[in-house]
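Participant: Throughout, my numbering is defined as the position within the sequence shown, counted from one, plus 2. Ideal placement from N, C-alpha and C gives every residue a C-beta, glycine not left out. The structure displayed is predicted, hence computed values, not measured ones. After the structure tokens below, expect a handful of questions from me.
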Amino acid sequence: MTRLTQPVRLAVSDLLLLGLTRLRTRPLRAALSALGISIGIATMIVVTGIPASSQQAVLDELSTLGPDLLRAAAVPDATDKTGAPAGLPVASVGMAERIGPVQDVSGVANVHASVRRSDKIDATTNSSGITVLAGTPNLLGLISGRMSSGKFLSPATDKFPTVVLGSKAATWLGITSLPAGQPLPRILLNDTWFTVIGVLANSPLAPDVEQSVLVGWDAAKTSLGFDGRPSVVYVRSTDTAVEDVRAVLGRTLSPEQPGLVQISRPSEALAAKRITQNAFSTLFLGLAGVALLVGGIGVANTMVISVLERRREIGLRRALGANRGQIRGQFLTESVVLCAIGGLMGAVLGVIGVIGYADSQGWPIVIPASALLTGLAASISVGVLAGVYPAVRASLLTPTEALASD
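Shown next as structure tokens:
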């Protein structure tokens, strides 16, 4: 009875060993072939990790600032031919406080005063866009502001000629800090000297405050001719009632002309930045896909050249008993291993890139696990697709044809 010879099955470890053999003997070619895959995967991780870190930073900021802040601003009356500045009724702040869900209210008013560092400067000179705002002591907490130097307005200083500078106004005036133990600087508002007692840090929810000089409400009345009409009112309410408060705020602040009150939600401006960033993320993800495609073509080209160079090796293995499936498995494994190594290198580079950029911006480091898994899966998929044709071509060579080739 004749015994049929059973083909030898290659274990997974044997296939991996065969796939790594060529990579060890030609390390430079392998590195250059894997480079395209690495760039694609690194780009994919960077363009998902950096926006995720940025978004987390914005969410952290919004959770700290609170999405419950409303800003009501007076707009000019187009029918008023006198050109009077826009303003809300004197009692508008008190009326807003009567709305049930409202927790805190503060008003600011543009008193239309000039700002000068010295009395040697002409009072009519343009003050670089700096506005003088009358404010109340609770404004800092209501807009979630912070002091960069000194202290904010208080009931004790409200009646005295003292001011607090917004962050941008401080830069324009050249007073960015108040060193301890040194005399406090003074500035001229109209023709009255005011002492600078504090400098604000950046106030993302109140950009108008950033470029202003804040003076006490009573001091503005006595020294700058302020009429007591606020131009902007900030309102904080309970989270669940923000939209309800928004619906009635205009009619409450200005019952006679509610149409002249413009109500906005400052946190929406910060959240809107994410739309642009997401659009750019989609663009860069497309570039990452192109990089992966180019890398896959490079790997396929390398594998085709490898088949042509190793025809004698293929013929010898076929002559010693290797079947077509084993030849296909060898070259397919080599392609997948090559792309997997490129994917791992790209993942490491992408993670390092995200960590470095997020740390430089002071953002929390967020690297979506889905991006890592998708990147590695994509690299393996590219390896399979790039290796199919060369593997099939190698398996179709007959032993005599392969051994007889040059």
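How would you label serine 156, buried or exposed, when you count the other beta carbons within 10 angstroms and need 16 or more for buried?
Facilitator: It counts as exposed.
Participant: Starting from valine 234, follow its DSSP beta bridges and name the residues at the other end.
Facilitator: Paired residue(s): Ala75, Val110.
Participant: On the DSSP letters alone, give me the boundaries of the beta strand (DSSP E) that alanine 93 sits inside.
Facilitator: Neither: alanine 93 is in no beta strand (DSSP E) and is coded neither H nor E.
Participant: Please report the straight-line C-alpha distance between alanine 32 and serine 337, rounded to a whole angstrom.
Facilitator: If you take the alpha carbons of alanine 32 and serine 337, they lie about 10 Å apart.
Participant: Closer than 6 Å by C-beta to alanine 222: which residues in its own chain qualify, once you throw out the five before and the five after it? Chain order, please.
Facilitator: For alanine 222, where only same-chain residues beyond five positions count, the Cβ hits under 6 Å are Val113, Ala136, Phe228.
Participant: Would a C-beta distance cut-off of 8 Å place tryptophan 174 and isoleucine 132 closer than the cut-off?
Facilitator: Yes, the Cβ-Cβ distance between tryptophan 174 and isoleucine 132 is below 8 Å.
Participant: By alpha-carbon positions, which one of Pro260, Ser205, Asp121 ends up nearest to asparagine 192?
Facilitator: For the residues Pro260, Ser205, Asp121, the minimum Cα distance to asparagine 192 belongs to Asp121.
Participant: According to the neighbour-count rule (16 or more other Cβ atoms, all chains shown, within 10 Å of its Cβ), is glycine 344 buried or exposed?
Facilitator: Buried, by the Cβ-count rule.
Participant: Suppose you measure from the CA of isoleucine 367 to the CA of valine 350; what does that come to, to the nearest Å?
Facilitator: Their backbone Cα atoms lie some 15 Å apart in a straight line.
Participant: I'd like the span of the alpha helix (DSSP H) that includes arginine 395, first residue to last.
Facilitator: Unbroken alpha helix (DSSP H) run through arginine 395: 371-397.
Participant: Can you check whether the CB of glycine 377 is closer than 8 Å to the CB of glycine 38?
Facilitator: Going by C-beta atoms, glycine 38 is not nearer than 8 Å to glycine 377.
Participant: Determine the DSSP secondary structure at leucine 202, reduced to helix, strand or coil.
Facilitator: Strand.
Participant: Which same chain residues end up closer than 6 Å to glycine 385 when comparing Cβ atoms and leaving out the 5 residues on each side of it in sequence?
Facilitator: Closer than 6 Å at Cβ, skipping near neighbours: Ser337, Val338, Cys341.
Participant: Can you check whether the CB of valine 166 is closer than 8 Å to the CB of phenylalanine 154?
Facilitator: Going by C-beta atoms, phenylalanine 154 is nearer than 8 Å to valine 166.
Participant: According to DSSP, simplified to helix, strand and coil, what is alanine 208?
Facilitator: In this structure, alanine 208 counts as coil in the three-state DSSP scheme.
Participant: Decide if glycine 96 is buried, meaning its Cβ has at least 16 other Cβ atoms within 10 Å, or exposed.
Facilitator: Exposed.
Participant: Excluding the 5 residues preceding and the 5 following arginine 395 in the sequence, name in chain order all residues of the same chain whose CB lies nearer than 8 Å to its CB.
Facilitator: Cβ within range, chain order: Val306, Val309.
Participant: If I measure Cβ to Cβ from valine 48 and keep anything under 7 Å in the same chain, skipping five residues before and after, which residues do I get?
Facilitator: These residues qualify, in order along the chain: Gly352, Gly355, Val356.
Participant: Check for me: the alpha helix (DSSP H) holding isoleucine 316 runs from which residue to which?
Facilitator: Residues 313-321.
Participant: Using CA atoms only, rank isn't needed, just tell me which of Thr335, Asn325, Arg119, Ala59 is closest to valine 390.
Facilitator: Among Thr335, Asn325, Arg119, Ala59, the Cα nearest to that of valine 390 belongs to Thr335.
Participant: Within its chain, find whatever has a CB closer than 6 Å to the CB of alanine 302; leave out the 5 residues flanking it on each side and keep chain order.
Facilitator: The residues are Ala388.
Participant: Residue range of the alpha helix (DSSP H) that isoleucine 354 falls in?
Facilitator: Run containing isoleucine 354: 326-363, per the alpha helix (DSSP H) assignment.
Participant: Buried or exposed for threonine 45, going by 16 or more other Cβ atoms inside 10 Å?
Facilitator: With 16 or more other Cβ atoms within 10 Å, it is buried.
Participant: Once you ignore the five residues that flank threonine 159 on each side, which residues in its own chain have a CB closer than 7 Å to its CB?
Facilitator: So the list reads Ile199, Gly218, once near-sequence residues are dropped.
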